[in-house]
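In the UniProt record's numbering, the protein residues as written are 1 to 720.
For glycine and all other residues, C-beta sits at the position ideal for the given N, C-alpha and C.
Source: prediction; values computed, not measured.
Take a look at the structure below.
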Amino acid sequence: TTFQDGGEEVEEGAVYNVTLKKVQIQQAANKGARWLGGEGDQLPPEHTVRQYETSKIRAIKAGTLEKLVENLLTAFGDADFSYISIFLSTYRAFASTKAVLELLLDRFGNLETLSHGEVANLNSFESEMVLKAEIASVLRAWLDQCSEDFREPPDHVCLLKLLHYLKNNMPNSDMESKVQNLLKQFQNQEAETVDGFCSTSFSDLVDGEEPEISSPEEFSSFQDHVVAEQLTYMDVMLFKKVVPYHCLGSIWSKRDKKENKNLAPTVRATVTQFNAVTKCVISTILGTKELKIQQRAKIIEKWIHIAHECRILKNFSSLRAIISALQSNSIYRLKTTWMCVSKDILLMYEELSEIFSDHDNYLTSRELLMKEATSKFANLDSSEKENQKKSQKRLQLQKNKGVMQGTVPYLGTFLTDLIMLDTALQDYVEGGLINFEKRRREFEVIAQIKLFQSSCNSYCLIPDQKFIQWFRSQRHLTEEESYKLSREVEAAADTHILSPKSQKSMVKRISTLFLGTDVFTPSKEQPPKISPLGGSSGESTDSASVSSCEFNPSETEDVCLTPLSSPEDPLKKGYDSDKGSIGSTFDKGSGSDKSLLLDKVSGCDSSPGSDKGSGSTPCISSRVLPVYNRQSGGACIIRVSMDGINDSVYKSILITNQDRIPDVTQRALLKHNLEPEAVEDYELVQVISKDKELVFPRHANVFYGMDSQANFNFILRKKA
Numbered sequence: 001t002t003f004q005d006g007g008e009e010v011e012e013g014a015v016y017n018v019t020l021k022k023v024q025i026q027q028a029a030n031k032g033a034r035w036l037g038g039e040g041d042q043l044p045p046e047h048t049v050r051q052y053e054t055s056k057i058r059a060i061k062a063g064t065l066e067k068l069v070e071n072l073l074t075a076f077g078d079a080d081f082s083y084i085s086i087f088l089s090t091y092r093a094f095a096s097t098k099a100v101l102e103l104l105l106d107r108f109g110n111l112e113t114l115s116h117g118e119v120a121n122l123n124s125f126e127s128e129m130v131l132k133a134e135i136a137s138v139l140r141a142w143l144d145q146c147s148e149d150f151r152e153p154p155d156h157v158c159l160l161k162l163l164h165y166l167k168n169n170m171p172n173s174d175m176e177s178k179v180q181n182l183l184k185q186f187q188n189q190e191a192e193t194v195d196g197f198c199s200t201s202f203s204d205l206v207d208g209e210e211p212e213i214s215s216p217e218e219f220s221s222f223q224d225h226v227v228a229e230q231l232t233y234m235d236v237m238l239f240k241k242v243v244p245y246h247c248l249g250s251i252w253s254k255r256d257k258k259e260n261k262n263l264a265p266t267v268r269a270t271v272t273q274f275n276a277v278t279k280c281v282i283s284t285i286l287g288t289k290e291l292k293i294q295q296r297a298k299i300i301e302k303w304i305h306i307a308h309e310c311r312i313l314k315n316f317s318s319l320r321a322i323i324s325a326l327q328s329n330s331i332y333r334l335k336t337t338w339m340c341v342s343k344d345i346l347l348m349y350e351e352l353s354e355i356f357s358d359h360d361n362y363l364t365s366r367e368l369l370m371k372e373a374t375s376k377f378a379n380l381d382s383s384e385k386e387n388q389k390k391s392q393k394r395l396q397l398q399k400n401k402g403v404m405q406g407t408v409p410y411l412g413t414f415l416t417d418l419i420m421l422d423t424a425l426q427d428y429v430e431g432g433l434i435n436f437e438k439r440r441r442e443f444e445v446i447a448q449i450k451l452f453q454s455s456c457n458s459y460c461l462i463p464d465q466k467f468i469q470w471f472r473s474q475r476h477l478t479e480e481e482s483y484k485l486s487r488e489v490e491a492a493a494d495t496h497i498l499s500p501k502s503q504k505s506m507v508k509r510i511s512t513l514f515l516g517t518d519v520f521t522p523s524k525e526q527p528p529k530i531s532p533l534g535g536s537s538g539e540s541t542d543s544a545s546v547s548s549c550e551f552n553p554s555e556t557e558d559v560c561l562t563p564l565s566s567p568e569d570p571l572k573k574g575y576d577s578d579k580g581s582i583g584s585t586f587d588k589g590s591g592s593d594k595s596l597l598l599d600k601v602s603g604c605d606s607s608p609g610s611d612k613g614s615g616s617t618p619c620i621s622s623r624v625l626p627v628y629n630r631q632s633g634g635a636c637i638i639r640v641s642m643d644g645i646n647d648s649v650y651k652s653i654l655i656t657n658q659d660r661i662p663d664v665t666q667r668a669l670l671k672h673n674l675e676p677e678a679v680e681d682y683e684l685v686q687v688i689s690k691d692k693e694l695v696f697p698r699h700a701n702v703f704y705g706m707d708s709q710a711n712f713n714f715i716l717r718k719k720a
């Protein structure tokens, strides 16, 4: 089979990509070979005659909402077999369930309202029965793949509308029964859940329950593999309930607005669980001041063993949460305690940490995740013989049980990609048509999430109520409390060990949990003080200049940042100098959006209805998507923070070689939820270094005027 680009076809309200597919349908012996009695499949190519068939594949590239809905009925005829799944997984980014359902049932499902010509246009459907069958096929796929779209408590208007249509057009059908059962299921769950979603975190306390710091003996009573299994059980239950469209960049990036406090609850629940695991690790290590150094080191060792058990269970979410906690400021600075951790366990810790190295856009964790997505068991490779033996022994025990394992991913990796796609690709193309090529790209990520959700059905884990009760009752220390306890446990280190200046250059951050357009960056050196957003940093020699894991109460579901260890600190003990360290040099411009591994930009002209830029935005012809810290194809992504207002929070903004200061300023104000009319009150500044800034003239071209050798970090500052 061979494919050939057939160009584009333009219709009113739609643009299609055309591909010609050439398929061999028959291979027969030529005249001379037949005379000799040969058969076509037994002869060399020069003695055969091949027959080919060429078919045309039409895939809609952009269109109006009406055309996109109509294409649901014609996609199979155009050989675009994945279209229905792509549309159903992504349409919430540009339309509501009500709008799509009304078009499908009222516009195309009611033949009385269609003219003869319109019926003929529907790929020459010849009868009402054929059209009903096509609509039924779409509705069946919708209910099977995205039933959560119809959850609209308390009235469930769309589900009732669908039920009414089925009673009139497909009475007593299996689909009618399915819709009735779904309606009952939603109504029963409303009384038990918050906001209509089964998304309550396992870290939530029941009524009358008080959080507490558990004793070390109580924590030690739980076996390592039991803790890992229970964390995996909780992660699996929450991850399987994640609604895929909640992950879309255009939806998740709006979660901070006041009116969207209940947006994407299923994703928020996974964030809450991740942060709960991280804080549980910190509280068990620091919660009891009376512990001896060796006892505290044993708790750290236990958590490393638990992380290793999570790796065996292929639970990358809790694995990352534990590693993040151990690399947090308050735990990392415990130099004397780390010196009491055995060398073998430190080596195990180093290998687990390397899984989440941010090198090449987290290539290690991405490749590992894809490698184990559908494998029955973890593929454990350790460079240390002792760790290898332990890993294989534990893995063999798992295999002996004969139960296949699933995979729980770190969801933030996928959300990062979706945020970047939403930032880099336009919502609309020329003529105000919806850019459906963007939705195809988003579906590539959504499909991976669905694959992992499906794999999670392979887990066979039984909840341990004793552990879950213990986990839920843990008191979560704030950043200020954990840092204070850390200082009480171990006094500040000598200044010659690690100065603030050298420390700042050595610390690097783990990517934010569920990195969106909002990213918390290291703050400037200042006395140790906890800002409302976290950001603990300072002059103390044992304090890393990193963002906090603790946020204000209104942001408890949000991101958690932690530092990675540096070469000068105690984790270096026992390591060969040529192996490097768990940490690496902090690159101010690094991040998971620095080199997104995507290959093609589709329609990009903005229309007045687009929220991705002004109408003058040109088409980006580059084969590579715009990325942060690199100009390519006349476009790039910059990070803009507000001076004096959440100055540790930035927004990612796409700019092109046509954008001038007013355009970029207006977009930045909109992203920060400020009035865009105040453009004249602000100036745009590029931060070149600690002591150097580049201030742009009023109508300068940002793309050509910026310093492309420095990090693409900008500040929006009110004019004096």
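Practice problem: Report the partner residues of residue 737 according to the DSSP bridge assignment. | Solution: A query on residue 737 cannot be resolved here, the shown segment of the chain reaching from 1 to 720 and no further.
Practice problem: Taking all protein chains shown into account, decide if S89 is buried (16 or more other Cβ within 10 angstroms of its Cβ) or exposed. | Solution: Taking the first residue of the sequence shown as 1, we reach residue 89 at position 89. Buried: at least 16 other Cβ atoms inside 10 Å.
Practice problem: Could you tell me whether the Cβ of T284 comes closer than 8 Å to any Cβ of chain B? | Solution: Among the chains in the structure shown there is no chain B, since it carries only a single protein chain.
Quiz item: For L694 versus I661, is the C-beta distance shorter than 8 Å?
Solution: Locating residue 694 in the sequence shown gives position 694, where the first residue counts as 1. Locating residue 661 in the sequence shown gives position 661, where the first residue counts as 1. With contacts defined as CB atoms closer than 8 Å, L694 and I661 fail to qualify as a contacting pair.
Exercise. Would you check if the distance between the CB atom of L263 and the CB atom of K254 is smaller than 8 Å?
Key: Numbered from its first residue, the sequence shown carries residue 263 at position 263. Numbered from its first residue, the sequence shown carries residue 254 at position 254. Their beta carbons are under 8 Å apart, which means L263 touches K254 by this criterion.
Quiz item: Secondary structure at V341, three-state DSSP: helix, strand or coil?
Solution: Reading the sequence shown from its first residue, position 341 is the one you call residue 341. DSSP places V341 in coil when its eight states are reduced to three.
Self-check item: Neighbour-count burial assignment, S328, 16 or more Cβ in a 10 Å radius
Solution: By 1-based counting over the sequence shown, the position of residue 328 is 328. S328 should be labelled buried.
Practice problem: Identify the continuous beta strand (DSSP E) that holds M234 and give its terminal residues. | Solution: Position 234 of the sequence shown, counted from the start, is the residue given in the question as residue 234. Not the beta strand (DSSP E): M234 falls in the alpha helix (DSSP H), residues 224-239.
Quiz item: Taking the C-alpha atoms as reference points, what is the distance between L68 and I60?
Solution: For the purposes of this step, residue 68 is taken as the residue at position 68 of the sequence shown. For the purposes of this step, residue 60 is taken as the residue at position 60 of the sequence shown. Using only the alpha carbons, I get a separation of about 8 Å.
Quiz item: Is F452 near the ligand GTP, judged by its Cβ being under 7 Å from some heavy atom?
Solution: By its list of ligands, the structure shown contains no ligand whatsoever, and the ligand GTP lies outside what it can speak to.
Quiz item: Using a Cβ-Cβ cut-off of 8 Å (strictly less than) and excluding sequence neighbours within five positions of E8, which residues of its own chain qualify?
Solution: Along the sequence shown, one-based indexing puts residue 8 at 8. Excluding positions up to five away in sequence, the list reads V15, Y16, N17, V18, K61.
Exercise. Whole angstroms is fine: what's the gap from I715's alpha carbon to Q631's?
Key: Your numbering for residue 715 matches position 715 in the sequence shown. Your numbering for residue 631 matches position 631 in the sequence shown. Cα-Cα distance, rounded: 19 Å.
Exercise. Sort out for me which residues DSSP pairs V429 with in a bridge.
Key: Residue numbering aside, residue 429 sits at position 429 when the sequence shown is read from its first letter. V429 pairs with L433.
Self-check item: Within 8 Å, strictly: CB atoms of E190 and P216
Solution: Looking up residue 190 in the sequence shown gives position 190. Looking up residue 216 in the sequence shown gives position 216. No, they are not a contact pair.
Quiz item: Does DSSP put C146 in a helix, in a strand, or in coil?
Solution: Along the sequence shown, read from residue 1 onward, the residue named residue 146 stands at position 146. It is coil, neither helix nor strand.
Quiz item: Alpha carbon to alpha carbon, what distance is there between R107 and L326?
Solution: For this step, residue 326 is matched to residue 326 along the sequence shown. For this step, residue 107 is matched to residue 107 along the sequence shown. Computed Cα separation, rounded: 57 Å.
Practice problem: Report the rounded CA-to-CA distance for A276 versus A75, giving the unit in angstroms. | Solution: The count along the sequence shown starts at 1 and reaches residue 276 at position 276. The count along the sequence shown starts at 1 and reaches residue 75 at position 75. One Cα belongs to A276, the other to A75, and the distance between them is close to 45 Å.
Practice problem: Spell out a yes or no on whether the region 137-148 and the region 162-178 are touching, meaning 3 or more CB-CB pairs, one atom from each, closer than 8 Å. | Solution: yes
Quiz item: How would you call K302, buried or exposed, if buried means at least 16 neighbouring beta carbons within 10 angstroms?
Solution: Translated into positions along the sequence shown, residue 302 becomes position 302. By the neighbour-count rule (16 or more Cβ atoms within 10 Å), K302 is buried.
Quiz prompt | Status (buried if at least 16 other CB within 10 Å, exposed otherwise) for G109 | solution = Position 109 of the sequence shown, counting from 1, holds the residue named residue 109. Flag for G109 reads buried.
Exercise. Kindly indicate which three-state DSSP category V651 falls into: helix, strand or coil?
Key: In the sequence shown, counting from the first residue as 1, residue 651 sits at position 651. According to the sequence provided, residue 651 is Lys. The question's Val does not apply to it. The answer is strand: DSSP assigns K651 an E or B state.
Quiz item: Which residue's Cα is closest to the Cα of residue 768: V408, C280, H359?
Solution: Residue 768 falls outside the range modelled here, since the chain spans only 1 to 720, and no answer is possible.
Quiz item: Distance, Cα to Cα, V227 vs I285?
Solution: Here residue 227 is taken as the residue at index 227 of the sequence shown, counted from 1. Here residue 285 is taken as the residue at index 285 of the sequence shown, counted from 1. Distance between the alpha carbons of V227 and I285 is about 16 Å.
Quiz item: Between V243 and the rest of its own chain, which residues show a CB-CB distance below 7 Å, the 5 nearest in sequence each way excluded?
Solution: Locating residue 243 in the sequence shown gives position 243, where the first residue counts as 1. Hits under 7 Å: E148, T266.
Self-check item: Secondary structure, alpha helix (DSSP H): runs of 4+ residues fully inside the region 257-341
Solution: With a minimum length of 4 residues, the continuous alpha helix (DSSP H) runs that stay inside the region 257-341 are 265-286, 293-312, 316-326, 329-332, 335-339.
Self-check item: Where S689 falls, given that 16 or more other Cβ within 10 Å makes a residue buried
Solution: Walking along the sequence shown from the start, residue 689 turns up at place 689. With fewer than 16 other Cβ atoms within 10 Å, it is exposed.
Quiz item: Given a threshold of 16 other Cβ atoms within 10 Å of its Cβ, counted over all protein chains shown, does K22 qualify as buried or as exposed?
Solution: As a first step, residue 22 must be located in the sequence shown, where it is residue number 22. Exposed is the call here.
Exercise. Starting from the C-beta of F467, find all residues in its chain whose C-beta is less than 8 Å away, skip the five residues before and the five after it, and write them out in chain order.
Key: Against the sequence shown, residue 467 aligns to sequence position 467. Within the same chain, F467 has close Cβ partners F222, V226, V227, Q230.
Quiz item: By Cβ distance below 6 Å, which residues in the same chain neighbour T407 in space, the five residues on each side in sequence not counted?
Solution: In the sequence shown, residue 407 corresponds to position 407, counting from 1. Cβ within range, chain order: K314, E372, A373, F452, S455.
Quiz prompt | CA nearest to the CA of C158, picked from V100, E437, D174 | solution = The count along the sequence shown starts at 1 and reaches residue 158 at position 158. Cα-wise, what sits closest to C158 is V100.
Quiz prompt | For A269, the nearest candidate out of Q295, A297, I293, M234 (CA to CA) | solution = Walking along the sequence shown from the start, residue 269 turns up at place 269. Nearest option by C-alpha distance: M234.
Practice problem: State whether the region 691-706 contacts the region 650-661, with contact taken as three or more CB pairs (one from each stretch) at a distance under 8 Å. | Solution: yes
Quiz prompt | Sequence-distant residues of its chain with Cβ nearer than 7 Å to M370 (five each side left out) | solution = In the sequence shown, counting from the first residue as 1, residue 370 sits at position 370. Cβ within range, chain order: n/a, list empty.
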